[in-house]
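Data first, discussion second: the structure below is written as structure tokens.
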Ligand code: SF4
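In full-length UniProt numbering, the protein residues as written are 1 to 130.
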């Protein structure tokens with residue numbers, strides 16, 4: 001039997017345990033985040049991943065713009081919170097900007113609720129600025 005896995009099979013694997021205290025209201029989001037299939041739909045998938053993991057404190061504007069328009073942005077940001085990712089830009093947010101979200105999630109506030117409110121506030125800010 002071949003040891004190579006097809007992309008579809010690989011995407012079904014369990015990614016890992018969520019950080020302590022992580023909860024979801026939305027069971028479907030939780031299920032999706034236990035796998036990696038959603039990542040294949042990310043706008044960044046065909047780009048150099050190093051752009052998302054720069055040492056610079058201010059990320060590349062192109063990277064942030066791509067995240068803002070990404071079809072899996074909610075899942076991406078939720079994943080970074082649920083797995084307490086320390087590095088890289090996820091969902092258009094840098095590690096310092098995600099710290100508070102991760103802290104809040106570890107207090108038992110559902111990850112999907114945090115993502116919704118963060119993106120709502122961002123949308124309001126953008127609407128007010130324009
Ligand atoms: S939100 Fe950004 S980092 Fe996340 S999958 Fe989309 S483009 Fe990639």
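Ideal placement from N, C-alpha and C gives every residue a C-beta, glycine not left out.
None of these values were measured; they are calculated from a predicted model.
| Item | Value |
| --- | --- |
| Indicate whether the contact test is met: 3 or more Cβ pairs, each with one atom in the segment 111 to 130 and one in the segment 19 to 37, closer than 8 Å. | yes |
| Flag this pair as yes or no: are the beta carbons of residue 72 and residue 42 separated by less than 7 Å? | yes |
| Would you check whether the ligand SF4 has a heavy atom nearer than 6 Å to the C-beta of residue 68? | no |
| Is residue 98 buried or exposed, if buried means 16 or more other CB atoms sit within 10 Å of its CB? | buried |
| Taking the continuous alpha helix (DSSP H) assigned at residue 217, which residues delimit it? | Outside the displayed range of the chain (1 to 130) lies residue 217, so it cannot be described from this structure. |
| Taking 6 Å as the cut-off, is the C-beta of residue 91 nearer than that to any heavy atom in the ligand SF4? | yes |
| Taking the alpha-carbon positions, what's the residue 122 to residue 68 distance? | 10 Å |
| Suppose only complete runs of 4+ residues qualify. What are the alpha helix (DSSP H) ranges in the segment 15 to 68, listed by chain order? | 27 to 33, 61 to 68 |
| Taking 7 Å as the cut-off, decide whether the C-beta atoms of residue 86 and residue 95 are in contact. | yes |
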